[in-house]
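Read the structure below first, then the notes.
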Amino acid sequence: MTNAITAEQVRHIGRLARIELTDDQADAFGRQLADIVGYFDKLKELDTDGVEPMVHALEVTNVLAADVAEASLDAAAALANAPDRDGDYFKVPKVIGDS
Amino acid sequence: MNDILNLSALELRDAIASGAVTSSAAVEAYLAAIAAHEQALGAFTQVFADRAREQAARVDADRAAGRPVGVLGGVPLAVKDNMCTAYGRTTCGSKMLANFHAPYTATAVGRLERAGAIVLGKTNLDEFAMGSSTESSALAATRNPWDTHRVPGGSSGGSAAGVAARMCAGALGSDTGGSIRQPAAFCGVVGLKPTYGRVSRLGLVAYGSSLDQIGPMTVDVSDAALLAGVISGHDPKDSTSINAPVPDYLAGLDTPPPGLRIGLPREFYSQALDGEIHAAIDQAVEVYRRAGAKVVDVSLPHSRIDVAADGALSSYAVACYYIVAMSEASSNLARYDGVHYGHRTGRRVEDIIELYSFSRAEGFGDEVKRRIMLGTYTLSSGYYDAYYNKALKVRRLIAGDFARAFGDCDVLLCPVAPTTAFRVGEKTADPLTMYLADIYTISVNLAGLPGLAIPAGVSPAGLPIGMQLIGPAFSEDVLLRAGRLYEKASGVTRLRPKMV
Chain A
1364 MTNAITAEQV RHIGRLARIE LTDDQADAFG RQLADIVGYF DKLKELDTDG VEPMVHALEV
1424 TNVLAADVAE ASLDAAAALA NAPDRDGDYF KVPKVIGDS
Chain B
1463 MNDILNLSAL ELRDAIASGA VTSSAAVEAY LAAIAAHEQA LGAFTQVFAD RAREQAARVD
1523 ADRAAGRPVG VLGGVPLAVK DNMCTAYGRT TCGSKMLANF HAPYTATAVG RLERAGAIVL
1583 GKTNLDEFAM GSSTESSALA ATRNPWDTHR VPGGSSGGSA AGVAARMCAG ALGSDTGGSI
1643 RQPAAFCGVV GLKPTYGRVS RLGLVAYGSS LDQIGPMTVD VSDAALLAGV ISGHDPKDST
1703 SINAPVPDYL AGLDTPPPGL RIGLPREFYS QALDGEIHAA IDQAVEVYRR AGAKVVDVSL
1763 PHSRIDVAAD GALSSYAVAC YYIVAMSEAS SNLARYDGVH YGHRTGRRVE DIIELYSFSR
1823 AEGFGDEVKR RIMLGTYTLS SGYYDAYYNK ALKVRRLIAG DFARAFGDCD VLLCPVAPTT
1883 AFRVGEKTAD PLTMYLADIY TISVNLAGLP GLAIPAGVSP AGLPIGMQLI GPAFSEDVLL
1943 RAGRLYEKAS GVTRLRPKMV
């Protein structure tokens, strides 16, 4: 199976997954990912024409709760693990440029 | 050994209820066992000694005053550290959540506590439950009490090692592809993976949401029945939990299922299976035959295990499972963004994307990164149909095989893992060989079925061997009764490693 995943592809996947990769990691992960994806290709041996995808273990339909307001997590508890906060807000670095 | 540690959870519950033993004495006995073995095994991420002592004192006071103490009144248990507790930390064995304090307690853990159980501590796991050896925990690797040079299996390795070494009277694990059953087999304990939807997943840190299920890990089948009865049931806050009555698993436990038909999936008895495990399973089949069970040959063609000329194993089910699990993982773990909770990078960042990318690069270990990236790949445009959608179709074929097999039998009997516990470090270099440790367990999760791992003996090298019973959805009562039948007929139960 020739399923080479290039270092550039790995970096692209890393960007999509929001995981920064060093060059060494991109190389190592690239080899491992190629091996594993090559293994996934085994499924191509199977004819699945006309088979309905199985998205869930049990065929359950939507479960709807009654439209009744209930107490939920209060702001203090929700913010208790925040790496940085400003009052009742999660704080992040500036996202929009100065200009 | 302390007499208390010889008791099962059920016996300890009865001893506390009758006043023969106090909960405080039980907590002290288990804390002493943890003190004796924790350094060698690394089974726990945290021990709540003070909290446990206070709760035990309360149970003892309640009992003395004649107040009810619950069906697990005063029994010290442990829970895997991917289940949220409103006390202590919920680390998932990850640097990402090293200091995470969950705002609420998982439903399954809360059910234990409402039944009077005492949560003695939280157990180690592969990071985010992604692994089969408990070596990928960011804290430390857990060791097998039968041989500390070997792994306890995973990802619920801390729970398995803790129960095997009698550091707790029982534990909860979680199972996405075998993470309760395989460590149970490696450590010589009982592990039940319930039907998908039987136990609430609320507060279980999500890995593969269509596969994950919490279940008990115990010294014998009766304890598994006891704990399963407590944690099972509908939870309005988990829309995938099933609203169906929970049978009293203990009540009928000693009544063997009438006319029991045992199916042997022929694809599981190939050259991939270690000879000593094959021999142990053959003996178990004989035990059932002598007990009057009918043994039939069945087929699970899409769970077939192929062995290449060079010995490499492959299986449609393993490929299908890892595509589904990794795709779900990549989506589930997107929540770790360094903003709401969890690790945030200390590096200077130019924008929000760098904040995410640096935080995640620092917070996740290699195996978690591999799985997130593979899941990102299989869900990405251009590959979605070739991998993810294809895997969902194969998933239906795998589930269909089970449905057909259960036309001819009540339960399937098969191995849990292809080998006994492997050596620490043996499989860490090659992720694919590690994935194949799950070859006999993953199909069960894909089909959403219950699976029970129970000890089937000890190998000539002195390592436990497990066997697995698989049944149709919501047949936990049948599995437990069939397991209990084997325990009684074979005498193989409550295995004990030399260290305890």
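Read top to bottom, the protein sequences are chains A and B. Start counting the first sequence at 1364; every next residue gets the next number (this note's numbering). Start counting the second sequence at 1463; every next residue gets the next number (this note's numbering). Glycine included, every Cβ here is placed at the ideal spot set by N, Cα and C.
Using 8 Å as the threshold, is the C-beta distance between residue i and residue j below it?
i         : j         : result
Thr1903/B : Val1873/B : no
Leu1854/B : Val1418/A : yes
Leu1925/B : Thr1882/B : yes
Ile1724/B : Val1757/B : yes
Gly1583/B : Phe1510/B : yes
Ser1636/B : Ser1703/B : no
Lys1542/B : Pro1912/B : no
Leu1469/B : Ala1477/B : yes
Val1489/B : Pro1538/B : yes
Ser1905/B : Ala1742/B : no
Val1856/B : Leu1406/A : yes
Ile1399/A : Leu1894/B : yes
Val1920/B : Leu1957/B : yes
Pro1456/A : Val1811/B : yes
Ser1684/B : Leu1472/B : yes
Thr1585/B : Thr1507/B : yes
Leu1664/B : Thr1569/B : yes
Ile1963/B : Ala1380/A : Look at the range of chain B in this structure, 1463 to 1962, and you will see that residue 1963/B is not part of it.
Gly1670/B : Val1801/B : no
List the endpoints of the continuous alpha helix (DSSP H) containing residue i.
i         : result
Gln1517/B : 1511 to 1526
Gln1644/B : 1643 to 1649
Cys1782/B : 1778 to 1794
Met1896/B : 1893 to 1897
Val1489/B : 1485 to 1503
Ile1368/A : Counting along the chain, Ile1368/A falls outside any alpha helix (DSSP H), and DSSP gives it neither H nor E.
Leu1914/B : Careful: Leu1914/B lies outside any alpha helix (DSSP H), inside the beta strand (DSSP E) at 1913 to 1920.
Val1692/B : 1683 to 1693
Leu1908/B : 1904 to 1909
Could you spell out the range, first to last residue, of the beta strand (DSSP E) harbouring residue i?
i         : result
Cys1554/B : Here Cys1554/B belongs to no beta strand (DSSP E), and DSSP marks it neither H nor E.
Lys1756/B : 1756 to 1760
Met1679/B : 1675 to 1680
Gln1388/A : Gln1388/A -> not in any beta strand (DSSP E); alpha helix (DSSP H) instead, spanning 1386 to 1403.
Ser1636/B : 1633 to 1637
Met1929/B : 1926 to 1932
Ala1540/B : 1538 to 1542
Arg1723/B : 1723 to 1727
Asp1768/B : 1767 to 1769
Leu1874/B : 1873 to 1877
For residue i, tell me which candidate among the options has the shortest Cα-Cα distance.
i         : options                                    : result
Ala1439/A : Tyr1566/B, Glu1597/B, Val1830/B, Arg1885/B : Tyr1566/B
Tyr1849/B : Arg1858/B, Gly1837/B, Ile1860/B            : Gly1837/B
Ala1706/B : Val1423/A, Glu1371/A, Phe1453/A            : Val1423/A
Met1545/B : Gly1528/B, Ser1777/B, Lys1831/B, His1563/B : His1563/B
Ile1632/B : Ala1622/B, Asp1900/B, Ala1477/B, Gly1640/B : Looking at the sequence provided, one finds Gly at residue 1632/B rather than Ile. That would be Ala1622/B, whose Cα lies nearest to the Cα of Gly1632/B.
Ser1617/B : Gly1481/B, Tyr1948/B, Glu1829/B            : Glu1829/B
Ala1687/B : Ala1741/B, Leu1634/B, Gln1508/B            : Leu1634/B
Ile1642/B : Asp1609/B, Pro1678/B, Leu1908/B, Asn1561/B : Pro1678/B
Ala1434/A : Lys1699/B, Gln1675/B, Cys1630/B            : Lys1699/B
Gln1644/B : Lys1950/B, Gly1933/B, Ile1927/B, Gly1887/B : Ile1927/B
Asp1437/A : Asn1425/A, Ala1397/A, Tyr1452/A            : Tyr1452/A
Gly1640/B : Cys1630/B, Met1629/B, Gly1653/B            : Gly1653/B
Gly1862/B : Ile1676/B, Ser1821/B, Ser1765/B            : Ser1765/B
Gln1930/B : Val1651/B, Thr1717/B, Gly1721/B            : Val1651/B
Ala1646/B : Ala1781/B, Pro1614/B, Gly1670/B            : Pro1614/B
Thr1411/A : Cys1782/B, Pro1727/B, Ala1935/B            : Cys1782/B
Ser1672/B : Asp1682/B, Ala1518/B, Val1681/B, Gly1659/B : Gly1659/B
Which residues in the same chain as residue i place their Cβ atom closer than 6 Å to its Cβ, once the five residues preceding and following it in sequence are excluded?
i         : result
Met1364/A : Reliability fails at Met1364/A, whose pLDDT of 42 lies under 50, so the model's placement of it is uncertain and the value that follows must be treated cautiously. Only Gly1401, Asp1404 meet the Cβ criterion.
Arg1448/A : Leu1442, Lys1454
Arg1525/B : Val1531
Spatial neighbours of residue i within its chain, please: CB distance less than 8 Å, with the 5 preceding and 5 following residues excluded, ordered by chain position.
i         : result
Ala1627/B : Ala1495, His1499, Leu1503, Ala1505, Pro1607, Pro1959, Met1961, Val1962
Gly1532/B : Arg1576, Ala1577, Gly1578, Ala1579
Ala1770/B : Ser1776
Beta carbon of residue i: closer than 7 Å to some heavy atom of the ligand GTP?
i         : result
Ser1701/B : Annotation note on the ligand GTP: not contained in the displayed structure, which lists no ligands.
Grab me the residues of residue i's own chain with a C-beta within less than 7 Å of its C-beta, minus the 5 sequence neighbours each way, in chain order.
i         : result
Pro1719/B : Asp1872, Val1940, Arg1943, Ala1944
Val1964/B : Nothing can be reported for residue 1964/B: it is not among the residues displayed for chain B, which extend from 1463 to 1962.
Val1708/B : Gly1691, Ser1694, Gly1695
Arg1809/B : Phe1820
Met1558/B : Tyr1798, Gly1804, His1805, Gly1825, Phe1826
Thr1604/B : Leu1503, Gly1504, Ala1505, Asn1586, Thr1596, Pro1614, Gly1619, Gly1620, Ala1623
Practice task
Would you check if the segment 1693 to 1712 of chain B and the segment 1804 to 1813 of chain B touch, i.e. whether three or more CB-CB distances between them fall below 8 Å?
Solution key: no
Exercise for the section: Indicate whether the contact test is met: 3 or more Cβ pairs, each with one atom in the segment 1792 to 1799 of chain B and one in the segment 1755 to 1774 of chain B, closer than 8 Å. Expected result: no
Problem - At least three beta-carbon pairs within less than 8 Å, the segment 1545 to 1562 of chain B to the segment 1592 to 1603 of chain B - result: yes
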